[in-house]
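Trainee:
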Amino acid sequence: MTSLKEIREANNTDLLVQIDTLKEELFDLRFQQAIGQLENPARLREIRKTIARIKTVITERRLSDNK
Numbered sequence: 053m054t055s056l057k058e059i060r061e062a063n064n065t066d067l068l069v070q071i072d073t074l075k076e077e078l079f080d081l082r083f084q085q086a087i088g089q090l091e092n093p094a095r096l097r098e099i100r101k102t103i104a105r106i107k108t109v110i111t112e113r114r115l116s117d118n119k
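Position in the sequence shown (from 1) plus 52 gives the number in the numbering used here.
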């Protein structure tokens, strides 16, 4: 689930689960980077941006519900 269209189509519960999964993967990649075994450093940036996109969509929904 990386495209913005897929993120917007998912419900908040699925998005929160996806954030947890991505954070675990990010932790593992940071650990690999620390010990010098990270094969794809661009994946770190990709995961961080995906988490930010998901959080943005959740916040947009929360703000639109409050109106």
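Backbone N, C-alpha and C define an ideal beta-carbon position, used for all residues, glycine too.
Predicted model, so just to flag it, every value in this text is computed and none were measured.
What do you reckon, are the CB atoms on residue 90 and residue 84 nearer than 7 Å?
Mentor: yes
Trainee: Sort 99, 116, 58 and 61 by Cα distance to residue 76 and report the nearest one.
Mentor: Comparing Cα-Cα distances from residue 76 to each of 99, 116, 58 and 61, the minimum goes to 99.
Trainee: Got a sec, what are the start and stop residues for the alpha helix (DSSP H) residue 59 sits in?
Mentor: 56 to 61
Trainee: Could you spell out the range, first to last residue, of the alpha helix (DSSP H) harbouring residue 87?
Mentor: For residue 87, there is no enclosing alpha helix (DSSP H), as DSSP marks it with neither H nor E.
Trainee: With distance defined between alpha-carbon atoms, name the residue in 109, 116, 115 and 117 nearest to residue 58.
Mentor: Considering only alpha carbons, the answer is 109.
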